[in-house]
Amino acid sequence: MKEEELNCRKICELLPAYLDGEVTHEEKANIEAHLSGCPECRAELEVLSTVQEDLRAALKLATDGVLPSIRTWEQVRNRLGIRSNSHSMLQSLLSSKTLWRFAAVTFVIIIAATVFVWRFGRFGGAPAEEESVSVGEVMEEEETSPVISESETSSDLPRRSGGIGTVSRAFGFDNLTEMSAFSDLIAVCVVDRAVEVKQEGEHVPYYMTRWAFKVEQILKGEDTGEIAIWQFGSPDVPGSDMSDDPLFLPGERYLLFLIESPAGTYYYPGPCGRYLIWKDKVYSMNFILMSGGYRPIELNYYGVDFDTITGRITDIVDSIQLIFTTRREPRMPTDVMRYPAGVTLDVYANLSTGNNGPGNITYKINHELLPDGITVSIRPAEFDAEPETEYESTLIIIVAQDIPPGTYYITVEYDFEGVGSGSRNITLHIESPE
Amino acid sequence: MTDKSENWQTGDTTAFEVLFRQYEKLVFKTAFLITGNRDTAEDALQEVFVSVWKSRHTYDPNKGKLTTWLYRITVNQCLRKKSAKLPTTVPLDEKRMELPEIKHRSQPEDVLITKTEYERLLKTMNTLDNRHRSVLVLRYFNDLSYREIAGALEIPLGTVKSRLNNGLRQLKEQMNRGEASA
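Just so you know, the protein sequences line up as chains A and B, in that order. Just so you know, we're using the numbering used here here: the first sequence kicks off at 7 and counts up by one. Just so you know, we're using the numbering used here here: the second sequence kicks off at 77 and counts up by one.
This is the structure in structure tokens:
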């Protein structure tokens, strides 16, 4: 019995090598002879075989798409004092003709705090494809002539498709106040590296690029240390969607406005959530097309002083902001509206408390100032508010059928207990009923 | 390509860049698995190629494959970095390791390993000491034969066998323990 155990132990020690084909002919014959009469060792062989296969799969999966920084060669070269003798990948990208071609493309951008999105368990067992949908925002770029002529651009400003001059129909905020007040994270950060990630799609594999950012400064929200932006396609794989159209380039500095949804995952609100910082000036990365034409909106910056912008953002973030919106996409400004008589409107009153509070907030609509034929109610009209939080109430505006066409004003007053009070107007242009 | 690659030994920097491009992913991924840390792997990648360039005259193609030489430098760099930067046993740093999710496949029977098993395996890998981990990575990620591993690490063949044996058994036991506690 003891001898048998000893034999089993010896055989078991050889099993990994047996599975790896690393035993001698003699050992192989002995092992197989033993296995034929020993169910325990056969079971052990099966377990070890599974561990080996699982380990192979796990190691492969752990490194799928994990790539070194595209700047490593440059760093090695610099350390060794080797002069550049060929175009780096970055230079190739910049000089690529296709890079500058405006192509009709649709892409999904997912922004995620790295810490959260790539961790197990965060999304439970949800398939990755569903995650993409839940945190992504579809943006369309159209083949359109740049709106800024060559003469207007700074000669040394990096340009690329998706950058200055490109048009997007994607929804965006109307002004810095709205965007700052209703972003969950506003960060100044530098593109640290791009990582190509190969994903197994249902039918064919697809590629994504993970742009990793080092956070330099947080203007609003919690410091995550690093932010990752996901883009379909890979600069390394030709034809993989955005292969020649990188959103960012390593080393660039950006001002990013991010909205959190779901918790721990961020996306940026359309084209106006991404600003290039170049030599202490801030540049829009897209011009925004709404309602069939360009709007000279406040968010289209072209070389605005960085300190000025960040100063304004800080002021906005610190203060109370009341903003009216509709929930339709594209989101329309609702401070000024035009409707026929007989309409009932749901308008969302969004209040951002900034660094103020806690305290009770009360909304008041001065009904005496309202004309006959317009009734307004708001729900909830009173609530307890915490600092750095956004609250949504609904304004229901009912316009009678027989109200004379004209311009009417609705004033919503708010009183923030112990902090202050303010008001905001809605301008309503009423036309003849349809 | 082969001729050009060989010129790096004579100081041809273009050929050296070709060599770098050819092997950077392999070296980086190996270092990433051994160290479990992207930044450390990034540092190791730099160090490996700085070292390759500086000691380019010492490599003799007649004595062994280039990859074996590269693996030797890589593992040495990783062990040096790991011991310099990290305590002896380091829990898997998920923030750094950034484990990709297992994808759902169209056929459930195609799934070889579940997400939990995968996570547990990699965590367990990280509890092994560097020497066992290096051997497991070279065998089951880089697909080196036992003899090649022995050559790369400059250890006897018997040591490769015993480290693989011990490593796999430790993984097996940890996995069993995990299953039992789950």
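Glycine included, each C-beta is placed from N, C-alpha and C at the ideal position.
Check residue i in the structure and name its three-state DSSP category.
i, result
"G227 (chain B)", "helix"
"S174 (chain A)", "Residue placement at S174 (chain A) is poorly supported in this model, since its pLDDT is 36, which falls under 50; the coordinates are not used for a value here."
"P45 (chain A)", "helix"
"R77 (chain A)", "coil"
"N356 (chain A)", "strand"
"M291 (chain A)", "coil"
"Q407 (chain A)", "coil"
"T368 (chain A)", "strand"
"L305 (chain A)", "coil"
"G412 (chain A)", "strand"
Determine the direct distance from the alpha carbon of residue j to that of residue i, and round the result to whole angstroms.
i, j, result
"V213 (chain B)", "Q237 (chain A)", "30 angstroms"
"I409 (chain A)", "H435 (chain A)", "11 angstroms"
"P377 (chain A)", "G348 (chain A)", "14 angstroms"
"W217 (chain A)", "Y272 (chain A)", "14 angstroms"
"Y135 (chain B)", "V128 (chain B)", "9 angstroms"
"R132 (chain B)", "W145 (chain B)", "11 angstroms"
"S325 (chain A)", "I367 (chain A)", "14 angstroms"
"I329 (chain A)", "I416 (chain A)", "14 angstroms"
"E202 (chain A)", "Y213 (chain A)", "7 angstroms"
"D352 (chain A)", "L102 (chain B)", "58 angstroms"
"N431 (chain A)", "F312 (chain A)", "31 angstroms"
"H208 (chain B)", "I283 (chain A)", "47 angstroms"
"A234 (chain A)", "T30 (chain A)", "51 angstroms"
"Y289 (chain A)", "Y308 (chain A)", "5 angstroms"
"L255 (chain A)", "T395 (chain A)", "33 angstroms"
"L95 (chain B)", "R245 (chain B)", "37 angstroms"
"V194 (chain A)", "E222 (chain A)", "5 angstroms"
Of all Cβ atoms in chain B, is any one closer than 8 angstroms to the Cβ of residue i?
i, result
"Q58 (chain A)", "yes"
"S75 (chain A)", "yes"
"I88 (chain A)", "yes"
"R15 (chain A)", "no"
"E19 (chain A)", "yes"
"P386 (chain A)", "no"
"L65 (chain A)", "yes"
"P45 (chain A)", "no"
"W79 (chain A)", "yes"
"V72 (chain A)", "yes"
"L282 (chain A)", "no"
"T69 (chain A)", "yes"
"R62 (chain A)", "yes"
"L54 (chain A)", "yes"
"V349 (chain A)", "no"
Would you verify that the beta carbon of residue i is, or is not, closer than 8 angstroms to some beta carbon of chain A?
i, result
"Y216 (chain B)", "yes"
"Y135 (chain B)", "no"
"Q122 (chain B)", "yes"
"T116 (chain B)", "no"
"G211 (chain B)", "Note on identity: in this sequence residue 211 (chain B) is Val, with Gly being the wrong assignment. By this cut-off, V211 (chain B) is not an interface position."
"L146 (chain B)", "no"
"W84 (chain B)", "no"
"E93 (chain B)", "yes"
"V151 (chain B)", "no"
"E230 (chain B)", "no"
"E224 (chain B)", "no"
"K141 (chain B)", "no"
Just grab the DSSP bridge partners of residue i for me.
i, result
"M343 (chain A)", "A:L434"
"W217 (chain A)", "A:A200, A:I235"
"W284 (chain A)", "A:K287"
"C195 (chain A)", "A:V221, A:Y260"
"F389 (chain A)", "A:I367"
"K226 (chain A)", "A:I192"
"E374 (chain A)", "According to DSSP, E374 (chain A) bridges with nothing at all."
"T350 (chain A)", "A:I404"
Decide if residue i is buried, meaning its Cβ has at least 16 other Cβ atoms within 10 Å, or exposed.
i, result
"K237 (chain B)", "buried"
"K220 (chain A)", "exposed"
"S186 (chain A)", "buried"
"V342 (chain A)", "exposed"
"N252 (chain B)", "exposed"
"R215 (chain B)", "buried"
"L389 (chain A)", "Here residue 389 (chain A) is Phe; the residue named in the question, Leu, does not match the sequence. The residue in question, F389 (chain A), is exposed, as its Cβ has fewer than 16 Cβ neighbours within 10 Å."
"P393 (chain A)", "exposed"
"G239 (chain A)", "buried"
"S358 (chain A)", "buried"
"Q98 (chain B)", "exposed"
"A23 (chain A)", "buried"
"Q122 (chain B)", "buried"
"R196 (chain B)", "buried"
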